[in-house]
Every structure is written in structure tokens, then in C-alpha cells.
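In the working numbering, the protein residues as written are 553 to 1002. Glycine residues also receive a C-beta, built at the ideal position from the N, C-alpha and C atoms. These numbers were taken from a predicted model, which means no experiment stands behind them. Here is the structure we will look at.
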Amino acid sequence: MITPAFDLSQDPDFLILSIRVPYTRTSEFDLYIDGTDFKFYAKPYFLRLTLPGRIVEDGREKAKFDIDKGLFTLHVPKETSGENFEGLQMLTSLLAPKGSRSAKPLVEDLGGEEDEEEEEEFDWQVEQEVYEKASEEELGPRHKYGFANQRSGVFARLQEELSDVIDLKNPEETSAAERRRARLQAEASAFSPDHYLADLFEDDEIKGLLKFKPWWTEPSRPTEQEAESAVSFTDDEKQQLRKFTNRSYLLDKASRRHAWLGLLDVLLAYCYEVRSTEGDHNVESPWTIRKLSGTLCWLETYSCLQEVLVSFGRRVLCYPLYRHFALVSAAVRDATKVLQSGRTGVLKCLLDVHRVFRENDPAYILNDLYITDYCIWIQRVKVKPAGMLRERSSWVQDVCSVRDGERRDDMSSPSRAGSVRPPKNSITLRSAPPPLPPPPPPPAPAVRWK
553 MITPAFDLSQ DPDFLILSIR VPYTRTSEFD LYIDGTDFKF YAKPYFLRLT LPGRIVEDGR
613 EKAKFDIDKG LFTLHVPKET SGENFEGLQM LTSLLAPKGS RSAKPLVEDL GGEEDEEEEE
673 EFDWQVEQEV YEKASEEELG PRHKYGFANQ RSGVFARLQE ELSDVIDLKN PEETSAAERR
733 RARLQAEASA FSPDHYLADL FEDDEIKGLL KFKPWWTEPS RPTEQEAESA VSFTDDEKQQ
793 LRKFTNRSYL LDKASRRHAW LGLLDVLLAY CYEVRSTEGD HNVESPWTIR KLSGTLCWLE
853 TYSCLQEVLV SFGRRVLCYP LYRHFALVSA AVRDATKVLQ SGRTGVLKCL LDVHRVFREN
913 DPAYILNDLY ITDYCIWIQR VKVKPAGMLR ERSSWVQDVC SVRDGERRDD MSSPSRAGSV
973 RPPKNSITLR SAPPPLPPPP PPPAPAVRWK
């Protein structure tokens, strides 16, 4: 069976389904409507949806078929008139069978419609291998990474691509603490005072980038529900959503926290890349996104919002073409806007990251490790994305306070460039990477970020 392309919309009384079935006979189709279940069959197409609200078959339903376009349009009455169905743009989650569950994360959800009495025939010709006792190293615990730290052993099979994807040398045997120490050391070595000062004082190009208006800076909506409905997906994005496999993610509280913080880290890198290229991706875009994200480049695991912001700020001042703290502030404001636009806004950004990595070899590996899972997970998560900003929101406000329109006196010297007023009991953000703790202490850069 072929899953057809489809879209959903609504008015106060009806759910409107547009299903594209160009290669079917107009006289033969079947519909099944029961509560939150909707099924459509028109050979060779089959569509099964689990809806966020209840629909009824009471004689008011209407159907229309456009032969020229191959478009089947169906108006189905809502059980409760005036009810708003949330998440109609989350096509992957709508395709998930009702009540499907998985004992493990990253497992495909399968419908339970097969005949249970018919046992699968055993394959007596299955290929066999000689048993070999595993070594102690192979049996030892592997350090995990990927979405919500759910993966391990991936890079053991991809040694040739390792250096082109991440900066971490041996991820399978490197703990989270060791990854962080190595990342900080690499950032301290990469920081260039000359490059930083050049961008600080010769900032004409940067001022132009700060004036750029991405799609998420359009007039904000009063509610997150209205903000979500204002975001639309392109045909290519909808096609990609239909290609994703249904998965369940059974995450504990700590894993959910790591997933949200990793998502913010990726969004910050993406927002910087969009602003620095004025929305026109180029051949450097995959490198920029992964390089500015500690999650993607160092398989970093963050514990709080403060760590994400500090890490992102350091990396912006160390690696990309434009190294200015005003761009850090702009990216944080942009990411805040994206989160406030709800799941659809976040999903649209993730789909763009997925496309950028998909078209680049070997950055596509990061899709398998992180982005694909984020695209599926964000459709099914119940927590509002903007809710994570309530934690240490003063940090977000402080970082966002550096604006291009402000007087430049506070950025006229390296010692004050890009500094922000931190909350109580927190570290101080400055313009460059901080010195590393001994032993041994690295040479202090000309401009420091404590």
C-alpha cells in the first residue's frame, strides 16, 4: 500500500482532509470514521490517522474529488462543534497507530492488525556464524551519545568518517566529563584575539546581518496556539514528515532534560547560521551548524540552560567567519522566538537542518544520531517548547540585552566587549573563552570570558 500525500485543516465545525491520490479510480474508495480514528482506502492508497480530537459520521460529511489534480477533499464533522484540534501539522505523529507503545526507545511502532494465530515460518537456512567469546573491552560499558544519550557503538563502525563529522577523537571511550574538558581546551586554543578585535571594531558587515529579519521575527501571536497555526510547511517538508518512521521515546526525567537542552543548542547554532547567511544556505552551512553546536560537534551533554548559553557564546567567538557577541545575542533572541512559535516552529527549523545535513556527506550521520529523532520527538512531546525558557530566564534576558541599536561604548574594549549582567550565584559571561582549571593551566588569552 502507498501512503498518499495529505494535509489537514479545520474550521469551527469540520475537519478538512485533502488527500492526493492521482492514480486511483474515482468510483472506488472506502472511508472509516470512528472517534479519533480515520481510515481512507482507494487502491493502491491507504491512509490511517489517529486524530487529536473526535470526529463523527452523522450525515453532514462532504466529499469532493478533483480528477484533474487527483485531489480528494473530505469535510468530516467534529463531535464537539468549536473544538480546536491541536497538532494538525504534525503529520508523523498523526500517522502513529492509536495506543502503540515500545519497550525501548528508537523502536518503530507497528500496527497490531496481523493475524496472531498465523505463526511466521522459521527460516532453517538462516546464516550462522562461529561463536567467539567477546573480549573484556567489548563487554565493557560504552559511553553513550546521540538523541537523549540513547546511542553507542555508531562511530566504532564509522572510523573513516569520524574526523569529518565530530571533533571528538574517541567517542566510544570518552566520558561526558572528558568530552567537556577536551572541548574547553580546543576552544581555548582556537580563540584568536586578532580576529575577535577585528570583528569588534570593523563591524559594518555585522550590523547588516543584525538587521536581517528571518521568518520567525514576524509579528508575534498572542497565544502559542495561534503562533503554531501561523507556521506552514512546504511540500518538500511535508514529504519528509511522511517519510519519518513512527517511534516511541521512553525517556526518564534526566533524559528529557538533556534532550531539551540539546535541542536548544542545535537551534542556537541554526539561528546563527540563518542570520549569518541571511537565510541563504551555502556549502559552509553544514560545517557552521555542527561546529557551533557542542551537542553535534563534541557529543556534549548539558545539565542546565546556563551551560548551553555559555558554550554557544564561546564557540561563536572562536570558530565562524563573524565573531561578535552581538550575533550571540541575536541568535539567542531568534531561538527564543522559535521556541515561542510552538512545536511547528521548532519542527520547521529542524526539518531545514535535516535537509542541510542530508545533502552533505558525511554530515548526514548527524541526522541519524540527533536530528531525525528530534523531528519525530518534538511532534509527540506534550510540554510546550517555550516552557524551557522559564528556567533561568534571567540568563536569556541578560544575553539578549546586547542589541545592535544600543550605544557602542560598552563594546569599545576587549575587557567589556559583550559582557552581560549575570544572575546571582552564576558565572560571568565575557567575550572570550575562560582559562581552564589546572593542571596544567593554559596560557591566558588576551581577552577572557570568565
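Check your understanding: Under the three-state reduction of DSSP, which class applies to K765: helix, strand or coil?
Key -> Sequence index remark: in the sequence shown, residue 765 carries index 213 (1-based). K765: coil per DSSP, three-state reduction.
Review point. Taking Cβ positions, are F796 and T644 nearer each other than 8 Å?
Key: As a working note, residue 796 is residue 244 in the sequence shown. As a working note, residue 644 is residue 92 in the sequence shown. With a cutoff of 8 Å on beta-carbon distance, F796 and T644 are scored as near each other.
Exercise for review: Using a threshold of 8 Å, state whether the C-beta atoms of H876 and D751 are closer than that.
Suggested key: Taking the sequence shown and counting its residues from 1, the one referred to as residue 876 is at position 324. Taking the sequence shown and counting its residues from 1, the one referred to as residue 751 is at position 199. Cβ distance < 8 Å, so H876 and D751 count as in contact.
Exercise for review: Measure how close the beta-carbons of G698 and L899 come, nearest whole angstrom, since I'm counting them as under 8 Å.
Suggested key: Taking the sequence shown and counting its residues from 1, one reaches residue 698 at position 146. Taking the sequence shown and counting its residues from 1, one reaches residue 899 at position 347. With 8 Å as the limit, G698 and L899 do not qualify as a contact, their Cβ atoms being about 19 Å apart.
Check your understanding: Under three-state DSSP, which class holds R875?
Key -> Here residue 875 is taken as the residue at index 323 of the sequence shown, counted from 1. R875 sits in coil when the DSSP states are folded into three classes, being neither helix nor strand.
Practice item. Could you check the C-alpha separation between L848 and F864 for me, to the nearest Å? Key: Within the sequence shown, the letter at position 296 stands for residue 848. Within the sequence shown, the letter at position 312 stands for residue 864. Rounded to the nearest angstrom, the two C-alpha atoms are 12 Å apart.
Check your understanding: With a CB to CB cut of under 7 Å and the five nearest residues on each side skipped, what residues in its chain are close to V905?
Key -> If you number the sequence shown from 1, residue 905 lands on position 353. Here the set comprises V818, Y822, I841 and I923.
Review point. Is R703 helix, strand or coil when you go by DSSP?
Key: Locating residue 703 in the sequence shown gives position 151, counting from the first residue. Three-state result, R703: strand.
Review point. Are there 16 or more other CB atoms within 10 angstroms of the CB of L710, so buried, or fewer, so exposed?
Key: Position 158 of the sequence shown, counting from 1, holds the residue named residue 710. With fewer than 16 other Cβ atoms within 10 Å, it is exposed.
Review point. Using the C-alpha atoms, what's the distance from L720 back to K621?
Key: Walking along the sequence shown from the start, residue 621 turns up at place 69. Walking along the sequence shown from the start, residue 720 turns up at place 168. Going from the Cα of K621 to the Cα of L720 covers about 51 Å.
Practice item. Could you check if V935 is buried or exposed, using at least 16 other CB atoms within 10 Å of its CB as the buried criterion? Key: Walking along the sequence shown from the start, residue 935 turns up at place 383. Burial call: exposed.
Review point. Using the C-alpha atoms, what's the distance from L861 back to V884?
Key: Here the question's residue 884 lines up with position 332 in the sequence shown. Here the question's residue 861 lines up with position 309 in the sequence shown. Computed Cα separation, rounded: 8 Å.
Review point. Beta carbon of H695, beta carbon of E725: below 8 Å?
Key: Indexing the sequence shown from 1 puts residue 695 at position 143. Indexing the sequence shown from 1 puts residue 725 at position 173. Cβ distance < 8 Å, so H695 and E725 count as in contact.
Check your understanding: Between L813 and G846, what straight-line distance do the alpha-carbon atoms span, to the nearest angstrom?
Key -> For the purposes of this step, residue 813 is identified with residue 261 of the sequence shown, where counting begins at 1. For the purposes of this step, residue 846 is identified with residue 294 of the sequence shown, where counting begins at 1. Distance from the CA atom of L813 to the CA atom of G846, rounded to whole angstroms, is 11 Å.
Review point. When you compare each of H810, D586 and I930 to Q858 by their alpha carbons, which one comes out closest?
Key: Mapped onto the sequence shown, residue 858 falls at position 306. Checking every option, the nearest Cα to that of Q858 belongs to H810.
Practice item. For E739, collect the residues of the same chain with a Cβ closer than 7 Å to its Cβ; drop the 5 residues on either side in sequence, then sort them by chain order. Key: For the purposes of this step, residue 739 is taken as the residue at position 187 of the sequence shown. Contacts found: R866, R867, C870 and P985.
Practice item. Consult DSSP for K976 and reduce its assignment to one of helix, strand or coil. Key: For the purposes of this step, residue 976 is identified with residue 424 of the sequence shown, where counting begins at 1. Only weak support is given to the placement of K976: the predicted model assigns it a pLDDT of 37, under 50, and the question is left unresolved by the model.
Review point. Just the Cα atoms here: how many angstroms apart are C856 and G760?
Key: Indexing the sequence shown from 1 puts residue 856 at position 304. Indexing the sequence shown from 1 puts residue 760 at position 208. Spanning the two alpha carbons is a distance of roughly 32 Å.
Point to revise | Segment limits, alpha helix (DSSP H) that includes H747 | key: As a working note, residue 747 is residue 195 in the sequence shown. Counting along the chain, the alpha helix (DSSP H) containing H747 begins and ends at P745 to F753.
Check your understanding: Do K630 and D565 have their C-beta atoms within less than 8 Å of each other?
Key -> Taking the sequence shown and counting its residues from 1, the one referred to as residue 630 is at position 78. Taking the sequence shown and counting its residues from 1, the one referred to as residue 565 is at position 13. Contact: yes.
Check your understanding: Hey, how far is the Cα of D618 from the Cα of F624?
Key -> Within the sequence shown, the letter at position 66 stands for residue 618. Within the sequence shown, the letter at position 72 stands for residue 624. Note on geometry: alpha-carbon atoms of D618 and F624 lie some 6 Å from one another.
Check your understanding: Hey, would you say V573 sits closer than 8 Å to I607, going by beta carbons?
Key -> Taking the first residue of the sequence shown as position 1, residue 573 is located at position 21. Taking the first residue of the sequence shown as position 1, residue 607 is located at position 55. Result no, Cβ atoms of V573 and I607 do not sit closer than 8 Å.
Check your understanding: Out of curiosity, what's the CA-to-CA distance linking W839 and R731?
Key -> What you label residue 839 is simply residue 287 of the sequence shown in a count that begins at 1. What you label residue 731 is simply residue 179 of the sequence shown in a count that begins at 1. Their backbone Cα atoms lie some 20 Å apart in a straight line.
**Study point:** Identified DSSP bridge partners for V628
**Key:** Your numbering for residue 628 matches position 76 in the sequence shown. Its beta-bridge partners are L567.
Check your understanding: What are the boundary residues of the beta strand (DSSP E) that includes D586?
Key -> As a position in the sequence shown, residue 586 is number 34, starting the count at 1. That run of the beta strand (DSSP E) goes D582 to A594.
Review point. Which value, in whole angstroms, describes the spacing of the CA atoms of E561 and G897?
Key: In the sequence shown, counting from the first residue as 1, residue 561 sits at position 9. In the sequence shown, counting from the first residue as 1, residue 897 sits at position 345. This sequence places Ser at residue 561; Glu is not what is there. Roughly 17 Å between the two C-alpha positions.
**Study point:** Residue from F592, R612, L762 and S570 whose Cα sits closest to the Cα of E580
**Key:** Position 28 of the sequence shown, counted from the start, is the residue given in the question as residue 580. Nearest C-alpha to E580: F592.
Point to revise | Exposed unless 16 or more other CB atoms sit within 10 angstroms - verdict on A878 | key: Residue numbering aside, residue 878 sits at position 326 when the sequence shown is read from its first letter. Label assigned to A878: buried.
Check your understanding: So who's on the other strand from A615, going by DSSP bridges?
Key -> Taking the first residue of the sequence shown as position 1, residue 615 is located at position 63. BP columns for A615 point to L626.
Review point. Alpha carbon to alpha carbon, how far is A557 from D787?
Key: Along the sequence shown, one-based indexing puts residue 557 at 5. Along the sequence shown, one-based indexing puts residue 787 at 235. Rounded to whole angstroms, the separation of the alpha carbons of D787 and A557 is 9 Å.
Practice item. Could you round the C-beta distance between L902 and Y926 to whole angstroms and report it? I think they count as a contact, below 8 Å. Key: For the purposes of this step, residue 902 is taken as the residue at position 350 of the sequence shown. For the purposes of this step, residue 926 is taken as the residue at position 374 of the sequence shown. Yes, L902 and Y926 are in contact; Cβ-Cβ is about 5 Å, under 8 Å.
Review point. Three-state secondary structure (DSSP) at T602?
Key: In the sequence shown, the residue the question calls residue 602 occupies position 50. Three-state result, T602: strand.
Review point. Going by DSSP, what residues sit across from Y697 in a beta bridge?
Key: To locate residue 697, count along the sequence shown from 1; it is residue 145. Partner(s): R703.
Exercise for review: State the DSSP-derived secondary structure class of A557, mapped to helix, strand or coil.
Suggested key: In the sequence shown, the residue the question calls residue 557 occupies position 5. Note: A557 maps to strand in three-state DSSP.
Check your understanding: Can you give, in chain order, each stretch of the alpha helix (DSSP H) that sits fully within the segment 840 to 871 and has at least 4 residues?
Key -> The segment 840 to 871 contains these whole alpha helix (DSSP H) runs: 846 to 850 and 857 to 868.
Review point. How close, in whole Å, do the beta carbons of A700 and L851 come, if the pair is a contact with beta carbons under 8 Å?
Key: Walking along the sequence shown from the start, residue 700 turns up at place 148. Walking along the sequence shown from the start, residue 851 turns up at place 299. The Cβ separation is near 12 Å, so there is no contact.
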